[in-house]
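To start, the structure under review is shown below, and the notes come after it.
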Amino acid sequence: MTADQVRILHGNTFVVSDARGDIEASATDPTGLFSFDTRFLSRWVLTVDNQRLTALSTDDLQYFEARFFLVPGTGTVYVDSKQSVIRQRSVGNGFHEELSILNHADEPIDLTVRIEAACDFADLFEVKDALKKKGAYATQVEDGKLILRYQRETFVRATVISSSEPCQMAEDGLTFHIQVEPHGSWRTDLDVALSVPGASETGPSLLAWQAFRPVRDMAQDLQHWLHEAPRLECEWEPLRTSYRRSLVDLAALRFSPLSAAGRSLPAAGLPWFMTMFGRDSIFTSLQVLPYTQELAATTLRELGLRQGTRIDDFRDEDPGRILHEMRYGEMTAFEERPHSPYYGCADATALYVVLLDEYERWTGDLDLVRELEYEARAALNWIDAYADLQGNGYVSYQRRNEETGLENQCWKDSWDSIAYHDGRLPGFPRATCELQGYAYDAKMRAARLARLAWGDSAFADQLEQQAADLKRRFNQDFWVEDGEFFALALDADGSQVDSLTSNNGHLLWSGIVDDEKAEIVVRHLLGERLFSGWGIRTMAVGEGRYNPIGYHVGTVWPFDNSFIAWGLRRYGFKDEAAIVAAGILEAARFFDGRLPEAFGGYPRATTKYPVQYPTACSPQAWSTGTPLLLLRTMLGLEPVGDNLVVDAALPMSIGRLELLDIPGRWGRVDAFGRGRVITRQRTELP
Amino acid sequence: MVDTIEGFFQQLVDQQPQPLLSKVRGTVRFHLLDPQLGDDHWLVAIDHGDVSASHAEGNADCVIRADKAFFERLVQGRENAIAAMLRGAIVCSGDVELLLAIQRIFPGPPKRQTTGQRGVSQ
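Chains as they are written, first to last, in numbering that gives the first Met the number 0: chain W, 0 to 685; chain C, 0 to 121.
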């Protein structure tokens with residue numbers, strides 16, 4: 000994604016153009032109008048009298064609209080600007096563009112305005128992998144509309160382009176012959192609508208309806224969203240910036256599946272991951288619970304509705320398993336990719352139960368806990384009946400779809416993320432340690448829900464016994480004696496994958512760590528090998544695969560750190576949690592408050608600034624949620640019964656902090672804190 | 000062909016209450032197209048796990064239309080309903096939650112090519 004690209008979006012519909020507003024996509028170039036993982040416009044080029052235009056300025060007004068100020072002509076010498084051109088574009092279902100041409104001269108002027116339009120209807124997966132299309136294209140002008148159409152068997156997608164002002168419509172675009180009065184202006188409204196044909200006797204098909212469903216007033220909606228969120232007062236300006244940035248980005252990241260009746264869940268990232276992901280949607284929902292609870296409720300309902308029910312090797316589906324990723328494009332439709340949905344992740348199912356419990360603790364919404372009892376029980380059953388691939392009582396993973404399935408089904412999903420201390424990669428199945436933590440937490444939390452809402456204390460007792468047994472075995476089998484930390488995984492032989500990683504922090508979060516081991520684990524997490532000064536590295540310095548810019552083998556992931564901070568709080572290490580929060584929040588200053596997915600694991604003393612890991616996707620949902628969860632951990636917010644307990648431990652640098660109107664089962668309450676933890680020597684604040 | 004489909008609906012009714020449909024209330028009409036022998040209609044009414052099925056046309060909250068031959072493959076687990084909807088092989092209208100709910104009762108693929116290492120399934 001180059002810097003001068005402009006992106007606007009609404010849900011899973013987004014437009015990526017250059018700074019002039021033009022789209023000139025090639026097969027592998029990720030620009031265009033996209034919706035449902037399909038490109039609906041790959042060429043959209045404006046000329047005036049056969050001249051391209053030059054951008055004077057581009058305004059990203061909101062995440063869903065942009066305005067381009069242009070003058071005809073190109074070149075480095077300043078162009079004759081007797082006219083100016085304004086394109087204001089907003090994305091909804093497709094996009095709407097107001098094209099205005101202003102004549103600044105004393106004479107009237109005749110102009111030929113052209114917009115070239117074309118579409119390749121590429122699947123997002125095809126854009127990534129440069130694959131050939133298998134269907135046929137057709138272009139036609141009908142009822143004053145230009146229709147671009149693609150068909151492969153019963154799969155049909157079309158783009159319908161229309162204009163409010165008369166024009167010549169041809170198969171390659173729209174031409175306007177206009178006259179603009181002296182100091183006058185001309186304007187046309189262009190509509191680029193998505194069409195997913197298909198109708199039955201009772202009306203348009205579901206997909207067609209989704210494409211056409213009305214767009215709510217997005218500006219008003221954003222205002223309402225910001226108004227409903229708690230208010231942050233803080234002496235430290237960077238935190239205010241991060242907070243505001245996170246709330247706006249979270250609004251943009253909302254995705255409303257057709258079945259959700261307008262309710263939203265967090266998609267994974269903009270723009271390429273604007274879809275339901277089990278893991279990402281759950282982690283983000285957990286991070287933002289103190290600020291908005293609707294996202295968690297929708298995540299639970301929608302993931303529940305799509306919970307696995309059968310054994311399907313292509314999709315790595317099992318009964319009770321929570322999905323990994325849903326996609327809507329052509330390759331998914333023709334089963335060239337398994338995302339309809341794909342189930343290959345080993346953590347989301349336990350995390351689903353964790354979210355259900357945490358949601359109830361904040362909201363007191365027992366109705367939803369009862370409504371989802373079947374799904375929660377099915378998830379718990381999956382852990383015991385389907386995830387124990389080796390029959391040793393641990394959750395492990397091995398894909399059954401060898402072609403297009405995921406090898407690593409944990410959050411560190413890159414090919415070399417799970418490695419021994421000497422750098423070798425283990426075989427499969429792999430039982431990574433955090434999966435055991437999540438399973439433990441899921442059982443403990445489900446036991447609470449079973450007593451509270453399901454009226455099944457026998458089940459609760461059974462879950463607690465299983466959890467206690469798991470914890471006991473885990474603290475023996477995963478504990479690396481000579482290093483005194485938890486192994487990253489057990490391999491297929493049950494031997495330890497013995498590298499030191501940030502996963503130890505997730506174990507604290509889940510509560511599976513024996514109390515007497517916690518302090519030494521914390522010492523590792525905040526020690527030089529793992530803590531860079533900005534945050535905790537995914538993998539420790541000195542491990543065979545360690546690389547400060549290796550995706551999961553040395554970089555620092557803000558989201559990872561936010562859950563580790565939560566884990567540190569869980570075991571009472573308040574000051575250490577404040578140190579981690581301070582490091583990450585200080586790093587956010589270098590990104591205008593928008594934390595990237597990951598940044599380099601270089602020691603802070605060496606680079607002075609966090610080196611961003613190059614990724615195409617920003618904002619990323621769980622990075623967006625990170626400042627929000629860190630605020631929670633710094634303030635020590637914890638629902639206890641019908642009250643919200645506040646137990647602040649703030650970095651000194653933050654000064655006074657107030658979070659006002661925190662929603663929950665208590666109505667709305669305020670939390671206050673004042674910085675007292677000296678983090679400077681640990682994070683080397685200049 | 001009809002036998003398979005008839006058998007599917009019969010089994011649906013025989014095996015109630017269907018736990019996967021325990022939260023579901025509504026009617027789904029399957030409109031199965033057959034240019035040779037004529038179209039078939041199945042009206043399935045679901046009331047919190049209780050299911051009835053009949054050869055009725057009538058209005059429904061959700062209408063699922065597909066070729067009869069294709070639907071037969073669907074109820075045998077040889078096709079996936081979501082992928083089929085994305086590519087237009089089945090066309091649905093009405094209440095999408097009903098579609099998502101009802102597709103959960105379709106069986107998985109008949110042949111398992113597992114790695115042979117999975118635990119007990121129930």
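We put the CB at the ideal spot given by N, CA and C, even for glycine.
All of these numbers come straight from a predicted model, not from anything done at the bench.
>> Taking the straight line between their C-alpha atoms, what separation do you get for W:S80 and W:D190?
In response: 27 Å
> Are the region 344 to 357 of chain W and the region 436 to 445 of chain W in contact at 8 Å, needing three or more beta carbon pairs?
Replying inline: yes
> For C:G37, which residues in chain W fall below 7 Å Cβ to Cβ?
Replying inline: Correct list: empty, because the minimum Cβ distance to chain W is about 16 Å.
> If you draw a straight line from the C-alpha of W:R186 to the C-alpha of W:Q222, how long is it?
Replying inline: 29 Å
> Which partner residues does W:A488 have in the DSSP bridge list?
Replying inline: W:T431 and W:V496
> Name the chain C residues whose beta carbon is nearer than 7 Å to that of W:S258?
Replying inline: V95, E96 and L99
>> Just to make sure I have the definition right: I need the residues of chain W whose C-beta is within less than 7 Å of the C-beta of C:G87. Which are they?
In response: T153, F154, V155 and G197
> Going along the chain, which residues of the region 331 to 347 of chain W sit with their C-beta nearer than 8 Å to a C-beta in chain C?
Replying inline: T331, A332, F333, E334, S339 and P340
> Just to confirm, are W:P265 and W:S280 a CB contact at a threshold of 7 Å?
Replying inline: yes
>> Quick check: what's the CA-CA separation for W:A26 versus W:K131?
In response: 9 Å
> Considering only residues of the same chain and omitting the five flanking positions on each side of W:Y702, which have a CB-CB separation below 7 Å?
Replying inline: Missing from the structure shown is residue 702 of chain W; chain W here goes from 0 to 685 and no further.
>> Just to check my reading of the structure: W:A517 and W:A430 have Cβ atoms closer than 8 Å, yes? What is that Cβ distance to the nearest angstrom?
In response: 22 Å between Cβ atoms; not a contact.
> Using a Cβ-Cβ distance under 7 Å, would C:G25 count as near chain W?
Replying inline: no
> So who's on the other strand from W:Q150, going by DSSP bridges?
Replying inline: W:A135 and W:V155
> Going along the chain, which residues of the region 360 to 373 of chain W sit with their C-beta nearer than 8 Å to a C-beta in chain C?
Replying inline: E370 and Y373
> Alpha carbon to alpha carbon, what distance is there between W:R398 and C:G118?
Replying inline: Here C:G118 scores only 36 on pLDDT, less than 50, and its place in the model should not be relied on; the value that follows carries that caveat. Each residue's alpha carbon lies about 14 Å from the other.
> So W:H9 is in the alpha helix (DSSP H); what residue range does that whole segment cover?
Replying inline: No alpha helix (DSSP H) contains W:H9, which is instead part of the beta strand (DSSP E) from V5 to H9.
> Counting only beta-carbon atoms, is C:I45 nearer than 7 Å to chain W?
Replying inline: no
>> So the candidates are W:P29, W:H103, W:A564 and W:F276; which of them puts its Cα closest to the Cα of W:P181?
In response: W:H103
> What residues in its chain sit with their C-beta under 6 Å from that of W:R704, if we drop five residues either side in the sequence?
Replying inline: No statement about residue 704 of chain W is possible, as the shown extent of chain W runs from 0 to 685 and does not include it.
> Would you say W:R429 reaches chain C, if we count a Cβ-Cβ gap shorter than 7 Å as a contact?
Replying inline: no
> W:D591 to W:D216, Cα distance in whole Å?
Replying inline: 27 Å
> By a C-beta neighbour count over all protein chains shown, 10 Å radius and 16 as the cutoff for buried, is C:K67 buried or exposed?
Replying inline: buried
> Beta-carbon separation of C:L73 and C:F29 under 7 Å?
Replying inline: no
> Closer than 9 Å, Cβ to any Cβ of chain C: which residues of the region 314 to 328 of chain W, in chain order?
Replying inline: R314, E316, D317, P318, M325, R326, Y327 and G328
> Does the region 3 to 15 of chain C come within contact of the region 647 to 662 of chain W, defined as at least 3 CB pairs closer than 8 Å?
Replying inline: no
> I think W:R51 touches W:T73, with their Cβ atoms under 8 Å apart; what is that distance to the nearest whole Å?
Replying inline: 5 Å
> Which chain C residues are close to W:D311, counting only those with a beta carbon under 7 Å from its beta carbon?
Replying inline: G107 and P108
>> Quick check: the region 324 to 343 of chain W against the region 50 to 61 of chain C, are at least 3 beta-carbon pairs closer than 8 Å?
In response: no
> Distance, Cα to Cα, W:L193 vs W:A260?
Replying inline: 20 Å
> Terminal residues of the continuous beta strand (DSSP E) containing C:H54?
Replying inline: Where C:H54 is concerned, there is no enclosing beta strand (DSSP E), given that its DSSP letter is neither H nor E.
>> Using the Cβ count rule (16 or more neighbours within 10 Å means buried), how would you classify W:R423?
In response: exposed
> Taking 7 Å as the CB-CB cut-off, is W:T27 touching chain C?
Replying inline: no
> Where does the unbroken alpha helix (DSSP H) through W:H223 begin, and where does it stop?
Replying inline: M217 to E227
> Looking only at DSSP bridge pairs, what is W:T187 linked to?
Replying inline: W:L98
>> Taking DSSP's pairing of strands, which residues face W:E324 in a bridge?
In response: W:F276 and W:Y341
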